[in-house]
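Read the structure below first, then the notes.
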Amino acid sequence: MLERSLDSLTARGIAAASGWGDRKAGEHKAVAAQDLALTESAALEKKLPA
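Going by the working numbering, the first residue of the sequence shown is number 304, and it counts up by one from there.
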């Protein structure tokens, strides 16, 4: 999910590429997935030794 965000895909583009459609519901799923991916990434970063 983060790769798609870094590839400059919009939420609508991510939704379409993920098979969630290209409407608002798909966009909402894409935004939620991006948020979750960022949260998980931050949690992993905190576990890394300094």
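Built from N, CA and C at the ideal position, the CB exists for glycine as well. The model shown is predicted, which means the values in this text are computed figures rather than measured ones.
Report yes or no: do three or more beta-carbon pairs, one from the region 340-347 and one from the region 309-325, lie closer than 8 Å?
By the Cβ rule, the region 340-347 does not count as touching the region 309-325, because fewer than three pairs are nearer than 8 Å.
Once you ignore the five residues that flank Trp323 on each side, which residues in its own chain have a CB closer than 6 Å to its CB?
For the purposes of this step, residue 323 is taken as residue 20 along the sequence shown, with counting starting at 1. So the list reads Gly329, Lys332, once near-sequence residues are dropped.
Which residues bound the alpha helix (DSSP H) around Ala320?
To locate residue 320, count along the sequence shown from 1; it is residue 17. 314-320 is the extent of the alpha helix (DSSP H) around Ala320.
Ala319 versus Leu351: straight-line alpha-carbon distance, rounded:
Start at 1 with the first residue of the sequence shown, and residue 319 comes out as number 16. Start at 1 with the first residue of the sequence shown, and residue 351 comes out as number 48. Going from the Cα of Ala319 to the Cα of Leu351 covers about 34 Å.
Residues of its chain near Arg315, where Cβ-Cβ distance is below 6 Å and the 5 sequence neighbours each way are ignored:
Here residue 315 refers to the residue found at position 12 when the sequence shown is read from its first residue. Exclusion of the five residues before and after Arg315 leaves Asp325, Glu330 as the residues of its chain whose Cβ lies within less than 6 Å of its Cβ.
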